[in-house]
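These notes concern the structure reproduced below.
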Amino acid sequence: MGEERPRISVVVPTRGRQELLRECVAALEAQTVAVEVVVVEDVEGRGPAWARNEGVRRATGEVVCFTDDDCAPAPGWAEALAAPLFCGVGQVATGPVLMGRGATAADRAWQAIVGHLQRQASASGTASPGFVVTANLAARRELLERLPFDETFPAAAGEDRDWGERAARAGAAQFVPGAIVLHRSGMRTGDFLRQQYRYGQGAARYRRAEADRRLGALSFYRDLIASGLRAGPAVGSLVCAAQAATLAGAIRETAKTRAVYGFLRSRA
Numbered sequence: 003m004g005e006e007r008p009r010i011s012v013v014v015p016t017r018g019r020q021e022l023l024r025e026c027v028a029a030l031e032a033q034t035v036a037v038e039v040v041v042v043e044d045v046e047g048r049g050p051a052w053a054r055n056e057g058v059r060r061a062t063g064e065v066v067c068f069t070d071d072d073c074a075p076a077p078g079w080a081e082a083l084a085a086p087l088f089c090g091v092g093q094v095a096t097g098p099v100l101m102g103r104g105a106t107a108a109d110r111a112w113q114a115i116v117g118h119l120q121r122q123a124s125a126s127g128t129a130s131p132g133f134v135v136t137a138n139l140a141a142r143r144e145l146l147e148r149l150p151f152d153e154t155f156p157a158a159a160g161e162d163r164d165w166g167e168r169a170a171r172a173g174a175a176q177f178v179p180g181a182i183v184l185h186r187s188g189m190r191t192g193d194f195l196r197q198q199y200r201y202g203q204g205a206a207r208y209r210r211a212e213a214d215r216r217l218g219a220l221s222f223y224r225d226l227i228a229s230g231l232r233a234g235p236a237v238g239s240l241v242c243a244a245q246a247a248t249l250a251g252a253i254r255e256t257a258k259t260r261a262v263y264g265f266l267r268s269r270a
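Here it is in structure tokens:
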């Protein structure tokens with residue numbers, strides 16, 4: 003008899019980060035259950051949404067998990083994350099993304115923002131209904147085949163919000179506290195703010211994709227800043243700065259889109 007095919011596939015999008023990728027794959031090979039590892043090298047810069055869809059096309063598992071090349075899933079991650087899906091408790095699961103040793107203030111600010119979005123994913127007035135972080139995500143393959151990531155998002159910004167919101171219509175994601183992914187630490191403040199600017203651009207594309215997507219309630223942003231301040235003044239200050247950077251990115255993307263539409267109308 004041939005070797006039994008793993009029931010879990012793990013898709014890892016990557017582009018030009020071989021050393022980090024090796025660490026990620028080593029962590030996946032140390033999982034408590036056998037997993038099929040599908041690495042998708044985005045050579046042409048098509049974006050992470052394309053890479054994840056391509057990974058799903060190559061994967062053979064009943065459940066497909068996703069993580070990033072700068073992450074190291076903890077032992078038992080895949081088994082814990084896939085468990086509710088195998089038991090029929092929903093079609094999507096996600097878990098916490100934590101920073102490793104030596105985390106900078108920027109790392110902790112990123113974690114505070116992502117944690118808040120995850121906690122608020124099903125709350126009334128959230129800015130990101132159904133939010134899932136693609137560094138720690140699992141879904142049944144039939145859902146992913148029916149609901150692929152939107153490849154019109156060119157970067158790692160907004161495509162996760164878009165997919166999570168659409169997937170939430172099929173049922174809320176199960177949050178699995180024990181399915182932990184460690185994110186590589188060492189982010190600098192400038193890199194963090196540039197990332198948040200890109201997130202703002204992605205947020206504008208996210209809202210443009212469907213007319214009924216709106217900004218979150220004021221309480222959402224108030225609680226976000228409060229969560230940052232609870233982690234200390236340096237983290238709180240960066241969470242506030244991140245909101246300014248995100249707003250700037252959204253304004254820039256909106257202005258650029260209007261300029262393109264105006265040009266096309268003038269040529270019609």
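When you read off a place in the sequence shown, starting at 1, and then add 2, the result is the number in the working numbering. Positions of the beta carbon are idealized from the N, C-alpha and C atoms, including for glycine. All of these numbers come straight from a predicted model, not from anything done at the bench.
- For the pair valine 13 and arginine 54, the CB atoms are nearer than the 8 Å cut-off.
- Taking proline 150 as reference, the option from Phe133, Val39, Met189, Gly57 with the minimal CA-CA separation is Gly57.
- Per DSSP, reduced to three states, the secondary structure at proline 15 is strand.
- Counting C-beta atoms within 10 angstroms of its own C-beta, glycine 180 has fewer than 16 neighbours from the protein chains shown and is therefore classed as exposed.
- DSSP places threonine 128 outside both helix and strand once states are collapsed to three, so it counts as coil.
- Beyond the five residues adjoining it in sequence on each side, alanine 85 comes within less than 7 Å, by CB distance, of no other residue in the same chain.
- A straight-line Cα-Cα distance of about 10 Å links aspartate 162 and leucine 139.
- Inter-residue distance for proline 156 and arginine 209 is about 15 Å (C-alpha atoms, whole angstroms).
- Valine 91 counts as exposed, since fewer than 16 other beta carbons sit within 10 angstroms of its beta carbon.
- Collapsing the DSSP output to three states places valine 66 in a strand.
- Taking the Cα positions, arginine 143 is about 42 Å away from proline 235.
- Distances from the CA of cysteine 26 to each of Val183, Trp165, Leu100 were compared; the closest alpha carbon is that of Val183.
- By the Cβ test, the stretch 168 to 177 is not in contact with the stretch 216 to 224, since fewer than three Cβ pairs between them sit closer than 8 Å.
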